[in-house]
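Each remark here refers to the structure printed beneath this line.
Number of protein chains: 2
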Amino acid sequence: MGEAPLVAGVELGGTKCICILARGPDDIEDRVQLPTTRPEETLSAIEAVLDRWSGFSALGIASFGPVSIDHASPLYGHITSTPKPGWAGQDVAARLKRHAGVPTGFHTDVVGAALAEARWGAAKGLADIAYATVGTGIGVGLIAGGKPVDGLTHSELGHLRPVRVLGDDWVGNCPYHGACLEGLAAGPAIAARTGIPGDQLAADDPAWDLIAHALGQLLHSLVLTGVPRRIVMGGGVMVGTDHLFPRVRAAMAKSLAGYVALPEVGDPETYVVPPALGGNAGPLGAIVLGAQALGVQLQTSFTTN
Amino acid sequence: MGEAPLVAGVELGGTKCICILARGPDDIEDRVQLPTTRPEETLSAIEAVLDRWSGFSALGIASFGPVSIDHASPLYGHITSTPKPGWAGQDVAARLKRHAGVPTGFHTDVVGAALAEARWGAAKGLADIAYATVGTGIGVGLIAGGKPVDGLTHSELGHLRPVRVLGDDWVGNCPYHGACLEGLAAGPAIAARTGIPGDQLAADDPAWDLIAHALGQLLHSLVLTGVPRRIVMGGGVMVGTDHLFPRVRAAMAKSLAGYVALPEVGDPETYVVPPALGGNAGPLGAIVLGAQALGVQLQTSFTTN
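In the order they appear, the protein sequences are chains Y and H. Basically my numbering = 1-based index in the first sequence + 85. Basically my numbering = 1-based index in the second sequence + 85.
As structure tokens, then:
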């Protein structure tokens, strides 16, 4: 890792910001946590942290979304729409890039975590992976050839509409789609359906089968993109619920029905795995984004493509 | 186009092969059509065509599938499994590359058509597109930054399982998944459900609403990948059924429910379009694949990413 550049990374989350100065997980020079409040206050506080640091050659920002990652758009680097007061339309990337004066990478927090898990975490050494977080929402980061899969915008695959379990006609709680994946299987959906928060719901509650089915459909869909050599599933619902992994893997295998006959997919225990980086995935993802803005692919052992 | 390399392109289809020697659609030096029979006979006939040609600097192959496009696999460039006699396990790319002695690109016929429509067709000038073919099967080619989105394998998004229309419990006819997209909306599924081939099914037949709903779910899913700036829909079911485009666009818009608030997606008539290259999309896609194997991005007006 002696070759890795020193990067300033910012994970801009909905409730807190984590700024790190690092080359990687084993070489973190500083780590500062700030509350996310109003934009002016928060961005000024981040700038003050950057002012204290020296020697970094790039900046990476992994932000809550939705954001614009479309380089062809004047809104590139902005948070586009959010219920968070003051943040809709906020230009994050250009402002912090101007302040830092170094090449700057910008993407969603979910893609950041995906990049970090691919580089240093549960999918280490793999260039093609998916990372799905199942928590207060469902987000997916898809990485191909070591880079985020995007174009017009970033993935919103947490809002796929899965086929339903026969007889389950609960309307779901996504304000846009009702019974999309997020409206069926995210934490608030579990609580809305059962009246009990997921972390208190008994392992034998029949609702888990419905949740596992929905998440199995997410995995089915991710496999069919052709991209992932491994799928990392994180977020509060997955990480806090050990019995869910075997169920979700089984739901995936049943749904695919042997259609993708590749050994990677055929071994669900190694194909669908929990994350390895915990709370550092987001800020470390910002480090990867910064390095990629320099044209440096931190991945040294990646499968070529 | 004076800068474009001369490329030998092969579209290897299930019933016929088209070989072209070309720089692009306006500069086709030769075009030869061969029947696809047994592998040895067909590949030898392709080699004989290549022997007659000179001056090409790359070879591109767009093949029926499934194929291995995983450079990390010893099966790269093989047709992996197919009911077509003799073709399962056939090494296509290495054999033809060895014979031609030039850099060789290889991918599915669907991805080939996607690349060609992005370069010269209905999505000309766009680096990030999706191409979906709805015919005897459903195939999807996703292109991001001018390159195919892939990794472990190629897209199989035609086998997504869409949410069903309330009250529709037809089991579908996909041998793996029953009521996946292909099992609900490909040509054979339409005929199996209604007893009438799609091209003879009356425009006011209620089955079309169910088919449009399923294809609307395909579009919903493709939009949520974040990739496409435009979606091209081709294949016999789409191209032969003019009334289907408005229905499919409406089904997409209804399903997304305003969630992806970008102007491109908000104008379904320009966002979801028929193909422009007809029967030449496949062989021209092979030309793009060959050029990409040379490291040449034929796309000159692509949106940068």
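All C-beta atoms, glycine included, are put in the ideal place defined by N, C-alpha and C. All figures in this text were calculated on a predicted structure; none of them were measured in a lab.
**Message:** How far does the alpha helix (DSSP H) with residue 202/Y in it extend, from its first residue to its last?
**Reply:** 194-205 is the extent of the alpha helix (DSSP H) around residue 202/Y.
**Message:** Cβ closer than 9 Å: which chain H residues qualify as neighbours of residue 353/Y?
**Reply:** Per Cβ cutoff of 9 Å: no residues; residue 353/Y is ~14 Å from chain H at best.
**Prompt:** Between residue 153/H and the ligand SAM, is the CB less than 7 Å from at least one heavy atom?
**Reply:** This structure simply doesn't include the ligand SAM, nor any ligand for that matter.
**Message:** Quick check on residue 202/Y - is its C-beta less than 8 Å from some C-beta in chain H?
**Reply:** Not one chain H Cβ lies under 8 Å of residue 202/Y.
**Request:** Measure the C-alpha to C-alpha separation of residue 285/H and residue 158/Y and round it to an integer number of angstroms.
**Result:** The straight-line gap from Cα to Cα measures roughly 44 Å.
**Prompt:** Using DSSP with H/G/I as helix, E/B as strand and the rest coil, what is residue 339/H?
**Reply:** If DSSP states are grouped into helix, strand and coil, residue 339/H belongs with the helices.
**Asked** In chain Y, what lies closer than 9 Å to residue 239/H by C-beta?
**Response** Per Cβ cutoff of 9 Å: 311.
**Prompt:** Does residue 302/Y have its Cβ less than 8 Å from a Cβ in chain B?
**Reply:** In the displayed structure, chain B is absent; the protein chains listed are Y and H.
**Message:** Please list, in chain order, the chain H residues whose beta carbon lies closer than 7 Å to that of residue 340/Y.
**Reply:** Chain order gives the chain H residues near residue 340/Y as 246, where near means a beta carbon separation below 7 Å.
**Message:** Contact criterion: CB-CB distance below 8 Å. Does residue 208/H meet it with respect to chain Y?
**Reply:** It does not; no Cβ of chain Y falls within 8 Å.
**Prompt:** Using the beta-carbon of each residue, which ones in chain Y are nearer than 7 Å to residue 349/H?
**Reply:** Going along chain Y in sequence order, the residues near residue 349/H (Cβ under 7 Å) are 237.
**Request:** Sort 305/Y, 232/Y, 381/Y, 272/Y by Cα distance to residue 245/Y and report the nearest one.
**Result:** Nearest in C-alpha terms to residue 245/Y, of all of 305/Y, 232/Y, 381/Y, 272/Y, is 305/Y.
**Span of the beta strand (DSSP E) around residue 109/H** = Element bounds for residue 109/H: 101-109.
**Prompt:** Can you list the alpha helix (DSSP H) stretches of 4 or more residues lying completely in the region 150-234 of chain Y, in chain order?
**Reply:** Correct list: 178-185, 194-205.
**Asked** Taking Cβ positions only, does residue 344/Y come closer than 8 Å to chain H?
**Response** At a cut-off of 8 Å between C-beta atoms, residue 344/Y counts as an interface residue with respect to chain H.
**Request:** Please confirm whether residue 211/H and residue 314/H have their CB atoms less than 8 Å apart.
**Result:** Cβ atoms of residue 211/H and residue 314/H: closer than 8 Å.
**Prompt:** At a CB-CB cut-off below 7 Å, which residues of chain Y make contact with residue 305/H?
**Reply:** Going along chain Y in sequence order, the residues near residue 305/H (Cβ under 7 Å) are 246.
**Asked** Does the beta-carbon of residue 97/H have 16 or more other beta-carbons within 10 angstroms, so that it is buried, or is it exposed?
**Response** Answer is buried; the Cβ neighbour count reaches 16.
**Item:** Identity of the residue in 330/Y, 124/Y, 266/Y nearest residue 168/Y by Cα
**Value:** When the alpha-carbon of residue 168/Y is set against those of 330/Y, 124/Y, 266/Y, the nearest one is in 124/Y.
**Item:** Collapsed DSSP secondary structure at residue 290/Y in the structure displayed
**Value:** In the structure shown, residue 290/Y sits in coil (DSSP, three-state: anything other than H, G, I, E or B).
**Request:** Starting from residue 281/H, trace the beta strand (DSSP E) both ways and give me its first and last residue.
**Result:** Neither: residue 281/H is in no beta strand (DSSP E) and is coded neither H nor E.
**8 Å Cβ cutoff met for residue 243/Y and residue 224/Y** = Yes, the pair counts as a contact, with Cβ atoms nearer than the cut-off.
**Message:** Whole angstroms are fine: how far does the CA of residue 249/Y sit from the CA of residue 257/H?
**Reply:** Between residue 257/H and residue 249/Y, the C-alpha separation is close to 15 Å.
**Message:** Just to confirm before moving on: does the CB-CB distance between residue 325/Y and residue 271/Y stay below 8 Å?
**Reply:** In this structure, residue 271/Y does not lie closer than 8 Å to residue 325/Y by Cβ.
**Message:** Going by C-alpha to C-alpha distance, which of 143/Y, 207/Y, 347/Y, 317/Y sits closest to residue 371/Y?
**Reply:** Taking only the C-alpha atoms, the option nearest residue 371/Y is 143/Y.
**Message:** On the DSSP bridge list, what partners appear for residue 259/H?
**Reply:** 263/H, per the DSSP bridge assignment.
**Message:** Only counting the same chain, and skipping five residues up and downstream in sequence, which positions put a Cβ closer than 6 Å to that of residue 363/H?
**Reply:** Leaving aside the five residues that flank residue 363/H on each side, none in its chain has a CB nearer than 6 Å to its CB.
**Prompt:** Does the separation of the CB atoms of residue 375/Y and residue 94/Y fall below 8 Å?
**Reply:** Yes, Cβ-Cβ distance for residue 375/Y and residue 94/Y is below 8 Å.
**Message:** Given a cut-off of 8 Å on the beta-carbon distance, is the pair residue 309/Y and residue 241/H in contact?
**Reply:** Yes, they are a contact pair.
**Request:** Could you spell out the range, first to last residue, of the beta strand (DSSP E) harbouring residue 251/Y?
**Result:** Unbroken run through residue 251/Y: none, as it is neither H nor E.
**Asked** Looking at residue 193/H and residue 181/H, is the spacing between their C-beta atoms short of 8 Å?
**Response** Residue 193/H sits away from residue 181/H, with the two beta carbons spaced by 8 Å or more.
**Asked** Hey, is the region 285-302 of chain Y in contact with the region 228-237 of chain H, meaning 3+ C-beta pairs nearer than 8 Å?
**Response** Taking a contact to require three or more Cβ pairs closer than 8 Å, the region 285-302 of chain Y and the region 228-237 of chain H do not qualify as touching.
**Prompt:** With 16 other CB atoms within 10 Å as the buried threshold, where does residue 201/Y fall?
**Reply:** By the neighbour-count rule (16 or more Cβ atoms within 10 Å), residue 201/Y is buried.
**Request:** Taking residue 318/Y as the reference, give the member of 345/Y, 294/Y, 331/Y, 357/Y with the closest Cα.
**Result:** The candidate whose alpha carbon is nearest that of residue 318/Y is 357/Y.
**Asked** First and last residue of the beta strand (DSSP E) that includes residue 374/H?
**Response** Residue 374/H -> not in any beta strand (DSSP E); alpha helix (DSSP H) instead, spanning 366-378.
**Prompt:** How many angstroms separate the CA atom of residue 331/Y from the CA atom of residue 383/H?
**Reply:** Cα-Cα distance, rounded: 46 Å.
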